[in-house]
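K.L.:
In the UniProt record's numbering, the protein residues as written are 1 to 139.
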DNA sequence: GCCAACGTTGGC
DNA sequence: GCCAACGTTGGC
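#1: Identify which residue in 13, 36 and 92 has its Cα closest to the Cα of residue 25.
#2: Specify the secondary structure class of residue 4 as computed by DSSP and reduced to three states.
#3: My guess is that residue 88 and residue 19 are in contact by the Cβ rule of under 8 Å, so how many angstroms apart are they, rounded?
#4: Could you spell out where the alpha helix (DSSP H) holding residue 119 opens and where it closes?
#5: Helix or strand or just coil, what does DSSP make of residue 22?
#6: Grouping DSSP H, G and I as helix and E and B as strand, with all else coil, what is residue 111?
#7: Based on Cα-Cα distance, which residue from 3, 127, 53 and 79 lies nearest to residue 95?
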């Protein structure tokens with residue numbers, strides 16, 4: 001199993017909206033960046049991801065699961081763009097802020113720190129475990 | 001609200 | 001194919 005991070009503006013599509021979709025989940029559509037799309041193509045059923053709020057929150061707030069592998073993005077006719085479906089798995093009992101992540105040297109190599117604009121990114125297993133521990137949340 | 005970083009576009 | 005201009009994103 002691999003681990004990922006999905007970034008969203010909470011005012012546009014936040015964790016509560018994701019939770020409201022329940023087990024049916026929702027397309028992670030609207031990504032118009034090749035790097036982010038390529039990561040979604042690598043995702044497999046059952047992979048886990050962090051749900052990150054950018055802008056005002058700047059924190060990891062929940063864990064999601066990939067429930068459908070890459071398929072055409074229904075928000076466009078442009079066949080270049082694909083996306084996966086994800087569902088909310090559980091919230092973080094304590095959100096892990098960007099400041100907390102930046103303050104831990106073990107997390108300095110994360111794209112979140114080095115390339116803050118990449119909206120879908122991979123997370124290494126050890127990084128995953130560290131952040132779950134910080135959030136007092138089962139990995 | 002500002003600004004830096006980055007990706008994309010379009011002219012040459 | 002290069003590069004300048006522009007738009008967008010996200011952190012501060």
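The beta-carbon is built from N, C-alpha and C at its ideal position, and this holds for glycine as well.
The structure displayed is predicted, hence computed values, not measured ones.
P.N.:
The short version:
#1: The candidate whose alpha carbon is nearest that of residue 25 is 13.
#2: Strand at residue 4.
#3: About 5 Å; that satisfies the 8 Å criterion.
#4: Premise fails: residue 119 is in no alpha helix (DSSP H) and is neither H nor E.
#5: Residue 22 carries a helical assignment under DSSP once its states are collapsed to helix, strand and coil.
#6: Helix, per DSSP.
#7: Nearest to residue 95 by C-alpha distance, out of 3, 127, 53 and 79, is 53.
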